[in-house]
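Chemist: Quick one: structure below, then a few questions.
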Amino acid sequence: MKEFVGRLHPLLVHLPIGILLLAAAFELLAYFKPYRKLRTGVRAMILFGAVASTLSVVSGLSLASTAGYDEHLIEIHRNAGIITTIFAWIVFFARDSIITLFKEKRKRRLVRIFLFIPLAALIGLTGHVGGSLTHGEDYLFASSSGEKLQSLQLTWKGDPDSARLYADIIAPILDTRCYSCHGPTKQKGQLRLDQPGYIGDGGKHGDVINTLQPDSSEIYRRLLLPLEDEHHMPPNEKPQLASAEVALIRAWLVEGAPFDKRIADLHTSASIKGFLQALSAPSQRKRTLPDAEVARADSMSVTALTSRSIVVIPFSDSTNYLSVSYINAPATTDDQLSLLMPLKNQVLSLDLGRTSIGDGAMQQLVNLPLLQQLSLHHTRISDDGLKKIRTLNQLQSLNIVSTDITDTGLAELQHLKALKKVWCFNTRVTRSGVSKLLLVRPDIAVDTGGYVLPVRVTDTLEYKAEKK
Amino acid sequence: MMISDELKRISRRHFLSESAVGLGAVAFGLLAGCSDVKSKPGIVTAPVDPMLPKSPHFPGRAKRVIYLHMAGAPSQLEMFDYKPELMKLHNQLCPPSLLEGKRFAFIRGVPKMLGPQAVFKQHGQSGAYISENLPHFSTIADEVSFLKGVHTDQFNHAPAQLFVHTGSPRLGRPSIGSWITYGLGTENANLPGFVVLTSGGKTPDAGKSVWGSGFLPSVYQGVQCRSEGDPVLFLSDPQGLDRNLKRQTIDAINEVNSQHFDEFRDPETLTRMAQYEMAYRMQMSVPEVMNINNEPEYIHQLYGTTPGKASFANNCLLARKLVEQGVRFVQLFDWGWDAHGTSPAESVDIGLKNKCRTIDRAMTALVLDLKQRGLLDETLVVWGGEFGRTPMQENREGKEMAFHGRDHHTDAFTMWMAGGGIKQGATWGETDEIGYYPVSGKVSLHDVQATILNQLGFDHEKLTYHFQGRPFRLTDVSGQAIREIIA
Chain A
197 MKEFVGRLHP LLVHLPIGIL LLAAAFELLA YFKPYRKLRT GVRAMILFGA
247 VASTLSVVSG LSLASTAGYD EHLIEIHRNA GIITTIFAWI VFFARDSIIT
297 LFKEKRKRRL VRIFLFIPLA ALIGLTGHVG GSLTHGEDYL FASSSGEKLQ
347 SLQLTWKGDP DSARLYADII APILDTRCYS CHGPTKQKGQ LRLDQPGYIG
397 DGGKHGDVIN TLQPDSSEIY RRLLLPLEDE HHMPPNEKPQ LASAEVALIR
447 AWLVEGAPFD KRIADLHTSA SIKGFLQALS APSQRKRTLP DAEVARADSM
497 SVTALTSRSI VVIPFSDSTN YLSVSYINAP ATTDDQLSLL MPLKNQVLSL
547 DLGRTSIGDG AMQQLVNLPL LQQLSLHHTR ISDDGLKKIR TLNQLQSLNI
597 VSTDITDTGL AELQHLKALK KVWCFNTRVT RSGVSKLLLV RPDIAVDTGG
647 YVLPVRVTDT LEYKAEKK
Chain B
843 MMISDELKRI SRRHFLSESA VGLGAVAFGL LAGCSDVKSK PGIVTAPVDP
893 MLPKSPHFPG RAKRVIYLHM AGAPSQLEMF DYKPELMKLH NQLCPPSLLE
943 GKRFAFIRGV PKMLGPQAVF KQHGQSGAYI SENLPHFSTI ADEVSFLKGV
993 HTDQFNHAPA QLFVHTGSPR LGRPSIGSWI TYGLGTENAN LPGFVVLTSG
1043 GKTPDAGKSV WGSGFLPSVY QGVQCRSEGD PVLFLSDPQG LDRNLKRQTI
1093 DAINEVNSQH FDEFRDPETL TRMAQYEMAY RMQMSVPEVM NINNEPEYIH
1143 QLYGTTPGKA SFANNCLLAR KLVEQGVRFV QLFDWGWDAH GTSPAESVDI
1193 GLKNKCRTID RAMTALVLDL KQRGLLDETL VVWGGEFGRT PMQENREGKE
1243 MAFHGRDHHT DAFTMWMAGG GIKQGATWGE TDEIGYYPVS GKVSLHDVQA
1293 TILNQLGFDH EKLTYHFQGR PFRLTDVSGQ AIREIIA
């Protein structure tokens, strides 16, 4: 019964706020002649407001005794709520007598309004503290609180061996995912997780850690329940733990939930480091485009290409940068590349593989300054051609598979500042040519291909059942 | 005026056929038809080719996918999931705690535990455990990412295969390849966007639905090619019909179809027109791309291919040729991995070793060949079965069986991915000491599907198709891209 009454609190609290503030608004308007009629309703509204506040206080007192909230905030909220209610009743009963103390009509009107000022202030205070109780203290002003909850920030950096498992890894995970409901401000299910001592105390349903059977520890088991399960933690609508975070929590429990050990001292330190790596590795999940967006390419110029079966396609729905492929236009020759030039501010990726282009095309590619990715496989380009594209300083990858490029051409690539990858399988490039390039540009990954898989006895060994 | 014209076109038969879909569809069809007629009176709008290349939601890391499916479900315990503890339990009775509340396809009563029937070693910088059944694949351990804790909820082949490829164990949903060609179209105008190749003597238990287009327009369904004989049946012209006459025939048919489309606006008419055009172009392009005779000898040695024979190796080489030509999604099914222990061929210590031999060199060669051609960066290779196999020895009907086999296992199995923006040499997920349940990194098949779509630049929750009154998606109502294996 008590719990039921308590649960009505979130519903009831909004009534006195609305009613009393509306009464104040009516009184304020009634100061002006055209609205004077509104005054007749104010007295009744104060009565309703006072009754609603009394009900709120009663339900609030029941709620405070059942759920775990921050005691300091609860005290402020309780006292402010009670004072607000008392004040509302005082206004209701004593308003007329106070007003009659003043003789002048204009003063009377002002007094009527001024009586509401402390009431509104009290409502504001009670409401704000109540909000802090349910949504957390920084709810109103922390604009980035949503983001803060989403991404876990591990404060520790450096050698994983020296990190303390609890203080540097587990505690920050609990902080981002759990403290808002199981911390200093709230203790849902009578559970607090922000200090080692509290973690040991457990909650309403008993211990949360079971070092003998780590997998049945409540703190871990609940993370694994289906998202729809009402016992799943964190609740469905809250940001969830990344799988690596869950794995780390389990690793900590398997180690006996120590609060002082360093990772190097643990049995499973290798797998823990693996989880950490999974967590902290910068995840470049998307292909990178230049930061600044570009204007849409001229549609006539695009049509000029697409009508010749050339594939021209934006990298995504939300960008104007283009990827161009001549896969359907193998007959393309050097002079036809001029059609690309109107798109020079948009083209980042260009596939000219298996076309009839040669060195003449290279001269024109220089005019595509943003080019990041260029594929020239199975074409007639030569070393001279590669000399011409030196100025493509955004070029990151170059495919010259099955061309006549030699070490001389490969050496030219050292001038391409942004270059990271080169594929030169089936060319005349030699091993010494590659090592020469790598001496000056160790940051380029050169794939010369030519992979062979050795012939093994097992390649042809047919397993058969032994005769019995 | 226009509306009444449009109404006259709805015959009784048309009305009835439309009613099957629902009167709402009729109403919508009419509305859509009307507005079009109003805006462009008298103009026959050229139907748009549904396979034209399109942009994804965000810039993707991969442009193509090769999916290698080992139909029948390979045993993770003899290939990737090394469980020394299980060896110690070999031949002991299975503890009841593992059997309580469980249903198996064939295991009855209390089975015995079956230790790993292969020797494992660590390989590469990443130290991944791979069994001696895969000596070639072991050399590229650092190229791939392993998922050790994949789980499913289907323990029979057909529904489980449907789940892998359509996101639902029941018939009727589009397959991954269909979703992807629907989302991205295809770059090569002369080849289908979605090609299927099978080996091992049988097609998957779930039939052609695993590459079907479900409720998506049927232009997006997978085109099955044969690696022996004519690659596509009935593609070559009959005797006496030359290419010119063929062209004229198709032009005439498409003219009629175009009028039909203009009247009824049925997307399936567009599909039919696109298919005629595609078939005409494929007559030239397919025999060329499907011919591996012209590949140099060192490539045949790398893959272990024998031209003219239907094999997984030939299909791997074809897969490389197809993605090289801009095919968006290539699906390989290899049959014969269902090692129950009923015969030598279906056992984990004999038949499985032979199956491993047929894929080991070929799939390794595929990854390496894509790599040396600069294709692996933008080609996602996925390998897996429809479920895993039990750490217990199968005891069909409660009896001990003549050969070592394992039953279907849904809770944990291994998949790997490579290329297309996937981490190199990573492992995600770990199973318990006997490989029964995942203890970390548990992922669902919807997670795997979400990851594939993510690599192509799709938010799996937004790639949807409106059908029967609501939007559908590949991952149904769950799934999350597996961040831990994305580079």
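Chains as they are written, first to last, in my numbering: chain A, 197 to 664; chain B, 843 to 1329.
Even for Gly, the Cβ is constructed at its ideal location relative to N, Cα and C.
On the criterion of 16 or more Cβ atoms from any shown chain inside 10 Å, does Gln-346/A qualify as buried, or is it exposed?
Modeler: Because the pLDDT at Gln-346/A is just 48, under 50, the model does not fix this residue reliably, and the value given afterwards should be weighed accordingly. Burial call: exposed.
Chemist: Tell me which residues share the same chain as Ala-915/B and place their Cβ nearer than 7 Å to its Cβ, disregarding the 5 neighbours each side in the sequence.
Modeler: Cβ neighbours of Ala-915/B beyond the five flanking positions: Trp-1179, Asp-1180, Gly-1227, Glu-1228, Phe-1229, Gly-1230, Arg-1231 and His-1250.
Chemist: When you compare only the Cα positions, how much space is there between Val-201/A and Glu-441/A?
Modeler: One C-alpha to the other measures close to 39 Å.
Chemist: Using CA coordinates, which residue listed in Ser-980/B, Asp-891/B, Gly-957/B and Tyr-1024/B is at the minimum distance from Pro-898/B?
Modeler: Closest option to Pro-898/B, Cα to Cα, is Tyr-1024/B.
Chemist: By how many angstroms is the C-alpha of Phe-455/A removed from the C-alpha of Gly-396/A?
Modeler: Each residue's alpha carbon lies about 11 Å from the other.
Chemist: Going by beta-carbon coordinates alone, are Thr-1256/B and Gln-959/B separated by less than 7 Å?
Modeler: No; because the gap between Cβ atoms is not below 7 Å, this pair is not in contact.
Chemist: Determine the direct distance from the alpha carbon of Leu-423/A to that of Ser-465/A, and round the result to whole angstroms.
Modeler: Distance between the alpha carbons of Ser-465/A and Leu-423/A is about 30 Å.
Chemist: Kindly provide the ranges of any alpha helix (DSSP H) runs that are 4 or more residues long and lie completely inside the stretch 1266-1317 of chain B, ordered along the chain.
Modeler: Whole alpha helix (DSSP H) segments, 4+ residues: 1287-1297.
Chemist: Helix, strand or coil: how does DSSP classify His-1142/B here?
Modeler: DSSP places His-1142/B in helix when its eight states are reduced to three.
Chemist: Have a look at Ile-1092/B and Tyr-1118/B and give me their C-alpha separation to the nearest angstrom.
Modeler: Looking at the two C-alpha atoms, the distance is approximately 7 Å.
Chemist: Among the residues of its own chain, which have a CB less than 6 Å from the CB of Asp-1293/B, if the five just before and after it don't count?
Modeler: One point to set straight first is that residue 1293/B is Thr, not Asp, in the sequence displayed. Counting only Cβ-Cβ distances below 6 Å, and skipping sequence neighbours, we find Ala-1323 and Ile-1324.
Chemist: Do the stretch 1234-1242 of chain B and the stretch 947-955 of chain B make contact, defined as three or more Cβ pairs closer than 8 Å?
Modeler: Touching, yes.
Chemist: Run through chain A and tell me which residues come within less than 8 Å of Ala-1031/B, C-beta to C-beta.
Modeler: Within chain A, the residues near Ala-1031/B are Ser-505 and Asn-524.
Chemist: Spatial neighbours of Gln-592/A within its chain, please: CB distance less than 6 Å, with the 5 preceding and 5 following residues excluded, ordered by chain position.
Modeler: So the list reads Gln-568, Ala-614 and Lys-616, once near-sequence residues are dropped.
Chemist: Cα separation between Ser-877/B and Ser-1100/B?
Modeler: At Ser-877/B, the pLDDT of 35 sits below 50, so the modelled position is not reliable; the number obtained from the coordinates is stated separately. Cα-Cα distance, rounded: 19 Å.
Chemist: For Ser-261/A, collect the residues of the same chain with a Cβ closer than 8 Å to its Cβ; drop the 5 residues on either side in sequence, then sort them by chain order.
Modeler: The residues are Lys-198 and Gly-202.
Chemist: Could you check whether the Cβ of Pro-1138/B sits closer than 7 Å to any Cβ belonging to chain A?
Modeler: No, Pro-1138/B does not count as interfacial toward chain A.
Chemist: Name the chain B residues that come within less than 8 Å of Trp-619/A, Cβ to Cβ?
Modeler: Gln-1214, Arg-1215 and Gly-1216, listed in chain order.
Chemist: With Val-1037/B and Gly-1064/B assumed to form a contact (beta carbons below 8 Å), what rounded beta-carbon distance in angstroms separates them?
Modeler: Going by Cβ atoms, the distance from Val-1037/B to Gly-1064/B rounds to 7 Å, so yes, they are a contact pair.
Chemist: Assuming contact is defined by CB atoms lying nearer than 7 Å, are Pro-895/B and Gly-1027/B in contact in what I supplied?
Modeler: The answer is yes: Cβ separation under 7 Å.
Chemist: The beta strand (DSSP E) that contains Met-1124/B, what's its start and end?
Modeler: It is not in any beta strand (DSSP E) - Met-1124/B instead sits in the alpha helix (DSSP H) that spans 1109-1131.
Chemist: Would a C-beta distance cut-off of 7 Å place Ala-525/A and Ser-552/A closer than the cut-off?
Modeler: Against a cut-off of 7 Å, the Cβ pair of Ser-552/A and Ala-525/A comes out as no contact.
Chemist: Cα-Cα, which of Leu-535/A, Ala-220/A and Asp-555/A is closest to Leu-306/A?
Modeler: Taking only the C-alpha atoms, the option nearest Leu-306/A is Ala-220/A.
Chemist: Find the residues of chain B that neighbour Val-648/A, judging by a C-beta separation of less than 7 Å, and give them in chain order.
Modeler: Within chain B, the residues near Val-648/A are Leu-1144.
Chemist: On the three-state DSSP scale, how would you describe Thr-1084/B?
Modeler: In the sequence as presented, Thr is not what sits at residue 1084/B; that position holds Asp. The answer is coil: DSSP assigns Asp-1084/B none of H, G, I, E or B.
Chemist: Does any C-beta atom of chain A lie closer than 7 Å to the C-beta of Leu-1210/B?
Modeler: It does; some Cβ of chain A falls within 7 Å.
Chemist: What does a CB cutoff of less than 7 Å around Ser-881/B pick up in its chain, not counting 5 residues either side in sequence?
Modeler: The predicted model places Ser-881/B with a pLDDT of 35, which falls under 50 and marks its position as unreliable, so this point remains unresolved.
Chemist: Identify the continuous beta strand (DSSP E) that holds Gly-629/A and give its terminal residues.
Modeler: Gly-629/A -> not in any beta strand (DSSP E); alpha helix (DSSP H) instead, spanning 627-636.
Chemist: Going by C-alpha distance, which of Val-404/A, Lys-434/A, Val-498/A and Pro-431/A is nearest Gly-452/A?
Modeler: The candidate whose alpha carbon is nearest that of Gly-452/A is Val-404/A.
Chemist: Cα separation between Asn-541/A and Glu-1220/B?
Modeler: Rounded to the nearest angstrom, the two C-alpha atoms are 23 Å apart.
Chemist: By DSSP, does Trp-1179/B sit in helix, in strand, or in coil?
Modeler: Trp-1179/B falls in the coil class under three-state DSSP.
Chemist: Taking C-beta pairs closer than 7 Å, name the residues in chain B that Thr-654/A reaches, listed in chain order.
Modeler: By Cβ distance, chain B contributes Pro-977 and Arg-1199.
Chemist: According to DSSP, Ala-488/A sits in a beta bridge with which residue or residues?
Modeler: Partner(s): none; Ala-488/A has no beta bridge.
Chemist: Could you spell out the range, first to last residue, of the beta strand (DSSP E) harbouring Ala-221/A?
Modeler: No beta strand (DSSP E) holds Ala-221/A; the alpha helix (DSSP H) holding it covers 210-226.
Chemist: Applying a beta-carbon distance threshold of less than 9 Å, which residues of chain A neighbour Ala-1207/B?
Modeler: Ordered by position in chain A, the residues that pass the 9 Å Cβ test against Ala-1207/B are Tyr-647 and Leu-649.
Chemist: With a threshold of 8 Å, are at least 3 pairs of Cβ atoms found where one atom belongs to the stretch 312-321 of chain A and the other to the stretch 215-234 of chain A?
Modeler: Yes, the stretch 312-321 of chain A touches the stretch 215-234 of chain A.
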